[in-house]
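Just so you know, we're using this note's numbering here: the sequence shown kicks off at 12 and counts up by one.
Idealized CB from N, CA, C, for every residue including glycine.
All values derive from a computational prediction rather than experimental measurement.
First the structure, in the form of structure tokens, and then the observations on it.
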Amino acid sequence: MSFIVAIDGPAGSGKGTVAKLVGEKLGLVNIDTGAMFRCVALKMLQDNIALDDEENIKKILDSINIELKNDNGNLIILLDGNDVSLKIRTEEVSKFVSPVSTNPMVRRNLLNLQRKVSEGKNIIMEGRDIGTVVFPNADVKIYLEATAEERAKRRVLQNQEKGLKVDYDEVLREIKIRDERDSTREIAPLKKADDAILIDSTNMTIEEVVKCISNIIKEKKNT
Ligand code: DC
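Spelled out as structure tokens, the structure:
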């Protein structure tokens, strides 16, 4: 039987980094569901597909090939065979992906993909609706939070490290818009599952969050 850890939370809460590190430490396959939504958004931008063009969105969903690979501890995202790990993190994609992720057809399609890639594996999956919709029976559910200001600061640093130029005020504004849209959308909104453990990482280091979540998982495995 597979073991499932669900990590949900808003943009920039540290889910990505934490899921990667906890996954490595405890031997869980890390699945970044935000990257899947970002791939669909990138493909729509590349093909000039509008948000309301259901027919062409369907064509994209029917033909798109998204792969998540682990390359020496780094998560590599392949879209139709091409490495788009950096391209999907640009501000252009970040802005476009939020409305894309409200599309019911996109959500249905990616929900199937998320469950399929997890089959038979011990996983740590991060996103917005993992503990509420994708795996409501997950063995461990974490909801990771931090203030919008702290999250904007982290996103700016993260992008600078990747050589992407970003402006703090712009990132903060985008994060607030995205929070609002992600948590008020009709289908699978960003929401803490009733049985999820809440961790506020505003004043915690990555190492502290990793340790805290690892301990929760180890405890659960021993029960
Ligand atoms: O975690 P992220 O910033 O890479 O996510 C990108 C977008 O995808 C975000 O605006 C919300 C959406 N998303 C979602 O709706 N459901 C998920 N499980 C993961 C991401």
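- Listed in chain order, the alpha helix (DSSP H) runs fully inside the segment 171–199 are 179–195, counting runs of at least 4 residues.
- Ranking 40, 122, 181 and 116 by CA distance to the CA of residue 85 puts 40 first.
- By the 16-neighbour rule on beta-carbons within 10 angstroms, residue 233 is exposed.
- Distance between residue 118 and residue 226, taken at the CA atoms: about 32 Å.
- Here the alpha carbon of residue 218 sits roughly 20 Å from the alpha carbon of residue 83.
- For residue 45, the shortest C-beta to heavy atom distance toward ligand 1 is below 7 Å.
- Rounded to the nearest angstrom, the gap between the Cα atoms of residue 44 and residue 72 is 15 Å.
- Relative to residue 26, the option among 197, 202 and 137 whose CA is nearest is 137.
- Between the segment 85–94 and the segment 126–142, the count of C-beta pairs closer than 8 Å stays below three; the two stretches do not touch.
- Relative to residue 215, the option among 47, 204 and 161 whose CA is nearest is 161.
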